[in-house]
Amino acid sequence: MPAGPPTCARGVGATAEDRGKPENQDADPRSGLSAEERGLLEAFDRLRPQGSLGWHFDDAVRRLVEPPQFPGRPNGWAGLPVDLWERGRSTKASERVLGDVVTTVAQDLSEYTDRAVEESHQRSEAALDEFRRTVFDAVRFLAARVDRLESSTDPLGMEAAEFDLPAIDASAWLDAAPTWAAARPDLPVLLGELGDDGLLAALVGRGTDVEGVDPRGPVVWAADAAFDVGSGRVGLVTAIAEVIDHLRGLPDASRGCVVLSGCVDRADIAGKVGLIDEAHRVVAPGGALVVLVTEQSAWDASLAPVVRDLLPGRPLHPETWLAVLEHRGLPAATWHRPANGSVHAVVSEVGR
Amino acid sequence: MSGIHLFVPMLHVRDAVGEHTRALRDLLVADGVDCRIYIENPDPNTVHETRHYLEYEDDAVPGDVLVYQMATRSDMVAWLAARPETVVINYHNITPPEYFAPWNNWIARHQALAVLELQDLAPTAVLGIGVSAFDADELRRCGCPEVVVVPVANVRIPPTTPDPTTLAALREQQGEDGPRWLSVGRLAPNKAHQDTIAALFVARATTSPDARLTIVGSPSEPAYARALRRYAAELGMHGAVTFVSGISDSQLAAHYVSADVLIMLSEHEGFGVPLVEAMSHGLPVVAFAAGAVPEVVGDAGVLLEEKGPRRVAQETAALCDDRARRESLVVAGRARPAALGLDRAGSDLVAALLKVAGRAQGASAVPGPDVPLRPASPLSH
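First to last, the sequence lines map onto chains A and B.
Numbering of the first sequence is given in our numbering, commencing with residue 481 and proceeding in unit increments.
Numbering of the second sequence is given in our numbering, commencing with residue 10 and proceeding in unit increments.
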């Protein structure tokens, strides 16, 4: 029965283990579901913003203010389960916006407030009030600044899945793709966005182990169906995810080749550099990093005006990519013009 | 002349607590009672009909009864607890903070404080009025000395007439589509709209490829609302899920009468006004049996003990395909508001408050009808 004990009963008499759990969540409410159903629901869990800077500051404020306001009283809510941090998008949202340094500052701030609250129990009530007001004001000020910064950086918060984007035509590179993969045949190839499945077919057809990543559910499911992923007969695994988020979760030097397409065209310049840096980290020495670049004129012609205008970025010219790659530690990149179509390849061998 | 005054943190229009408060004010005034609404924070849409709660100190008359409409935290609570007047809690339920924590930690903190405020105020109130037995249980556990159940006073009986323009537009779309699911409720995490979207995804992949979902509700938690839109997009259901907000009662009525089924998978409901609205419009209900939902739906809808997407999709398809069962639920649903006492909720509430006012002033000052208050037991089934 889903109706659990009343809210205030939890607040008064709940054990420490009970606190921080939604109603009747002692047993996993999804335990009776199939793996497919759980996966479907977990896809929504990943959209939770816990771990973003705004959330983090608010958490610091809550922990700072709540306990002293009610001395000697049990807290109505003792915080989230410790592992919840790992369940959502975690720190990725804040990293995407402001980088690791600010995330670390936010985490330090939370730890500081924990210590401050602990130490405050030793102080007089008057000193405590003043201390509390001062820190509270400071944290709220910082939180407001972070909110403004986040919203100015990404005011719409729209992502690839929300745009109607044409598939990248990589047909000019079907023969070359197995060669890129052959540089490190002992490691799998990561395709950062699946395009029209042509590349996927070219690689899987040669027996290459491929990891296909795309933020659009229907694109991934179509690939799963086309290549019969569930059967285990082909060396293909797929994931519905933003490519940058997926790359961040991979170990160093764990892929023989990374092919980026689509995402590298529409990301803003910071996003493009982020993709290159993460892909560079993930490709093993001797492997290849391939950027498939759409010609700017073809890009502009292929998109509806609303999509073109609202996307954060547009393709760089291949010469610009050479400069960017050199700047990011890949000086020997080469530009390959297509025999047909409008997608160029910029290929870097990752140094041994 | 002493009065019965209503206190609410903010008075919103098209909001369950706000509309209930305004309806109660109108009923009391119509009954000749001096009644004003006091707020902590003004809403531009209602500021002309409210006063700040601290202004009450100039307005106070001995024998006043102060009725607090409680659903969230407010500085009013400590102030009310210290007032000499008789205080009544009209409790609409506090959404547990756990639901908000992953989305908006600030709101979660407020809800945690609201729970503590209820514990402070409940023992000092002469009467607690829960809008459901579920809410009444919470009041009693928090120390309210006397508790009764009176449902919300703002459910329109008979239901609002649908807006003809909206209805025509919706029916035109309906001619092209499969079953039309409707979900009504704020875009807040406890409403679990994502479970309805997931169930729709399964339905479209299995039993009902053309099923569509309209979610009517204000985006009260923006991060959650954004995630819902993105979830629908990531599942490839751009065109199959429509989000609607800011519509009138008559436009909402058009959605009720043009839909095939109301899906409510909310995990925490203090009452569930959309359930009653749907049933009174003849729209069958599939709902998760959480909070006050079972007592409100009774046997007039499909109640689910678990809400995995496949189960919800199957139950909904079965209901849509079984004409006889559907008709029996429609008939039972239309009778449900009366069975819940919603047709007399306003007068019951006024009577309960007049009785308290009579006690507050001495029985001779404000006699009021000596109505038997409904005990805090589950509403009829």
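In this text, a Cβ means the ideal position worked out from N, Cα and C, and glycines have one as well.
>> Give me, in chain order, the residues of the same chain whose beta-carbon lies closer than 7 Å to that of I749/A; leave out the 5 immediate sequence neighbours on both sides.
In response: G793
> Quick one: which chain B residues come within Cβ less than 8 Å of I720/A?
Replying inline: E243
>> Please classify Q120/B as buried or exposed, where buried requires at least 16 neighbouring CB atoms within 10 angstroms.
In response: buried
> Assuming A354/B contacts V161/B under a Cβ cut-off of 8 Å, what Cβ separation, rounded to an integer in Å, is found between them?
Replying inline: 6 Å
> What does R319/B touch in chain A if you count any residue whose Cβ is under 9 Å from its own?
Replying inline: L513, S514, E516, E517
> Going straight from the alpha carbon of V285/B to that of D73/B, what length do you get?
Replying inline: 33 Å
> Residues bridged to H824/A by DSSP?
Replying inline: V773/A
> Leaving out five residues before and five after L125/B in sequence, what residues of the same chain have Cβ atoms less than 7 Å from its Cβ?
Replying inline: none
> Since V744/A contacts L727/A with CB under 8 Å, what's their CB separation in whole angstroms?
Replying inline: That belief does not hold up - the Cβ atoms of V744/A and L727/A are roughly 12 Å apart, past 8 Å.
> Exposed or buried, T487/A, counting other C-beta atoms within 10 Å across all chains shown (16 or more means buried)?
Replying inline: Caution is warranted here: a pLDDT of 33 is assigned to T487/A, below 50, making its placement in the model unreliable, and the coordinate value is therefore given only provisionally. Result: buried.
> Are at least three pairs of beta-carbons, each pair with one atom in the region 62-78 of chain B and one in the region 99-112 of chain B, less than 8 Å apart?
Replying inline: yes
> Residues of chain C with CB under 8 Å from R628/A, in chain order?
Replying inline: Note that chain C does not occur in the displayed structure, where the protein chains are A and B.
>> Distance cutoff 9 Å, beta carbons only. Does G675/A sit that close to anything in chain B?
In response: no
> Terminal residues of the continuous alpha helix (DSSP H) containing H29/B?
Replying inline: 25-39
>> Can you check which of these residues, R817/A, L670/A, V830/A, A705/A, is closest to S651/A by C-alpha distance?
In response: R817/A
>> Once the 5 residues before and after G459/A are set aside, which same chain residues still bring their CB inside 8 Å of it?
In response: Residue 459/A is absent from the structure shown; chain A starts at 481 and stops at 832.
> Between which two residues does the alpha helix (DSSP H) containing M288/B stretch?
Replying inline: 282-289
> So is the beta-carbon of V770/A under 8 Å away from any non-hydrogen atom of the ligand MN?
Replying inline: This structure does not include the ligand MN; it has no bound ligands of any sort.
> Got a sec, what are the start and stop residues for the alpha helix (DSSP H) I48/B sits in?
Replying inline: It is not in any alpha helix (DSSP H) - I48/B instead sits in the beta strand (DSSP E) that spans 46-48.
>> Against P646/A, what residues of chain B qualify as contacts under a CB-to-CB distance less than 7 Å, listed in chain order?
In response: Near P646/A there are no residues of chain B at all, since even the closest Cβ is about 15 Å away, more than 7 Å.
>> Assuming the contact rule is C-beta atoms closer than 8 Å, L130/B and V86/B should be a hit. Round their C-beta distance to whole Å, please.
In response: 5 Å
>> Taking only three categories from DSSP, how would you classify M273/B?
In response: strand
> Is DSSP giving A813/A helix, strand or coil here?
Replying inline: coil
> Which residues in the same chain have their Cβ closer than 6 Å to the Cβ of T205/B, if we skip the five residues on either side of it in sequence?
Replying inline: S192, I272, L274
>> Residues of the region 75-87 of chain B in Cβ contact with chain A at a cutoff of 8 Å, in chain order, please.
In response: none
> Are the beta-carbon atoms of E775/A and G317/B separated by less than 9 Å?
Replying inline: no
> CA-CA distance, N50/B and Q260/B?
Replying inline: 29 Å
> Three or more beta-carbon pairs under 8 Å between the region 15-27 of chain B and the region 813-828 of chain A, yes or no?
Replying inline: no
> What residues match up with E829/A in a beta bridge as DSSP calls it?
Replying inline: A768/A
> In three-state DSSP terms, what is R567/A?
Replying inline: In this predicted model, R567/A has a pLDDT of only 36, less than 50, meaning its place in the structure is not dependable enough to derive any value.
>> Under DSSP, the beta strand (DSSP E) around F252/B begins and ends at which residues?
In response: 250-253
> At least one CB of chain A closer than 9 Å to the CB of R195/B: is that the case?
Replying inline: no
> By the criterion of Cβ-Cβ separation under 7 Å, what are the contact partners of G697/A in chain B?
Replying inline: E243, L244, G245
> Of the choices W701/A, A656/A, D666/A, whose alpha-carbon is the least far from that of A682/A?
Replying inline: A656/A
> Shorter than 9 Å from the beta carbon of L790/A to some beta carbon of chain B?
Replying inline: no
>> Strictly below 7 Å CB to CB, what residues from chain B border E642/A?
In response: R239, A242
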